[in-house]
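Under the numbering used here, the first residue of the sequence shown is numbered 1411, with each subsequent residue one higher. Glycine is no exception: its CB is placed at the ideal position from the N, C-alpha and C atoms. Here's the structure, in structure tokens; my notes come after.
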Amino acid sequence: MARQISTYHRDVAAGNRAAILDAAAGLFLENGYDRTSLARVASAANVSTATLFKQFPTKAALFEATVLAAGGASGSSVVDPPVGDLVDGLRSLGREYADLLIRPRMIGLMRTVIAESPRFPELRERTFDFGTLPVLAALGRYLRAEHAAGTADIADPDLASAQFLGMIASAVFWPRLMHGTWTMTEDERLRAVDEAARTIAARHSPPTAAA
């Protein structure tokens, strides 16, 4: 019986958290960081303020969780590519990352971070743990697996990951973030991912392959 109660309460907490994050995303996007209060979020999520504060004691913590939730929400989980073809594996994960970057909520929330963080120290000083996002975690695992298998020479997977993601973001994300009317076709997006994958793969070919 105790186990059933525990499971029930976990389910309720998870449901409350999902409702809070969904309500917070809508309010942050509509009203900005400054004009979104925790009380308004609780009301929109149909939970008590005590329930909200139990999970998110500050607005900055709630905003961080909202951004990460927008980046983690997906219809399916990210599948780790098989080891052995670095270009193909990077291309697969790069497409997942590009899809993440063009989600409307992700774009809007990042605009909020850039626009409002100078006025709010608690937001400016927040360290967003983007490494927890499924596609970024999968990329780290994949690069380490390729290196361990000897099919790639990646002594610093974190640096390689940052360089790969940076190339994609510079083509797919930043122009759209800075210019609301900027557009990119799907073919152009896929080509940007492919070029980034080929560049990283060429840089990290194992010594035997480069010889």
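Between which residues of its own chain and residue i is the CB-CB distance below 7 Å, once the five residues before and five after are set aside?
i, result
"Ile1610", "Leu1500, Ala1570, Gln1573 and Phe1574"
"Thr1476", "Leu1431, Ala1434, Ala1435, Phe1438 and Leu1519"
"Thr1561", "Val1493, Gly1494, Leu1496 and Pro1616"
"Met1516", "Ala1480, Gly1481 and Leu1510"
For residue i, which residues from the same chain have a beta carbon less than 6 Å from its beta carbon, with the 5 sequence-adjacent residues on both sides left out?
i, result
"Val1488", "Glu1506, Pro1544, Val1545 and Ala1548"
"His1419", "none"
"Ala1607", "Val1497, Leu1500, Arg1501 and Gly1504"
"Asp1536", "The identity of residue 1536 in the sequence shown is Arg, whereas the question assumes Asp. If we look at Arg1536 and ignore the five residues flanking it on each side, its Cβ neighbours are Ala1470 and Glu1474."
"Ala1455", "Ala1429, Ile1430 and Ala1433"
Exposed or buried, which one is residue i when buried takes at least 16 other CB atoms within 10 Å?
i, result
"Pro1567", "buried"
"Asn1426", "buried"
"Ile1524", "exposed"
"Pro1679", "Nothing about residue 1679 can be read from this structure; the chain reaches only from 1411 to 1621."
"Thr1522", "buried"
"Pro1576", "Note that residue 1576 is Gly in the sequence shown here, rather than Pro. So Gly1576 ends up on the exposed side."
"Gly1481", "buried"
"Gly1603", "Going by the sequence as given, residue 1603 is Val instead of Gly. Burial call: buried."
"Phe1466", "buried"
"Thr1593", "exposed"
"Phe1583", "buried"
"Gly1485", "Legend: pLDDT at Gly1485 = 45, less than 50; position of this residue unreliable, no value from coordinates given."
"Thr1446", "buried"
So, for residue i: in the same chain, excluding its five sequence neighbours on each side, which residues have a beta-carbon less than 8 Å away from its beta-carbon?
i, result
"Thr1459", "Leu1448, Ala1449 and Ala1452"
"Asp1444", "Glu1526, Arg1529 and Phe1530"
"Ala1565", "His1557"
Spell out whether any CB of chain E is found under 8 Å from the CB atom of residue i.
i, result
"Arg1420", "Reference to chain E is not applicable here, since this structure consists of a single protein chain."
> What residue ranges within the segment 1531 to 1611 form continuous alpha helix (DSSP H) runs of no fewer than 4 residues, ordered along the chain?
Replying inline: 1531 to 1534, 1544 to 1559, 1567 to 1582 and 1584 to 1588
> Contact between the segment 1507 to 1517 and the segment 1465 to 1472: three or more CB pairs below 8 Å?
Replying inline: no
> Considering only residues of the segment 1423 to 1485, which uninterrupted alpha helix (DSSP H) runs meet the minimum length of 4 residues and lie entirely inside it, listed in chain order?
Replying inline: Taking 4 residues as the shortest admissible run, the segment 1423 to 1485 contains the following complete alpha helix (DSSP H) segments, listed from N- to C-terminal end: 1448 to 1455, 1459 to 1465 and 1469 to 1482.
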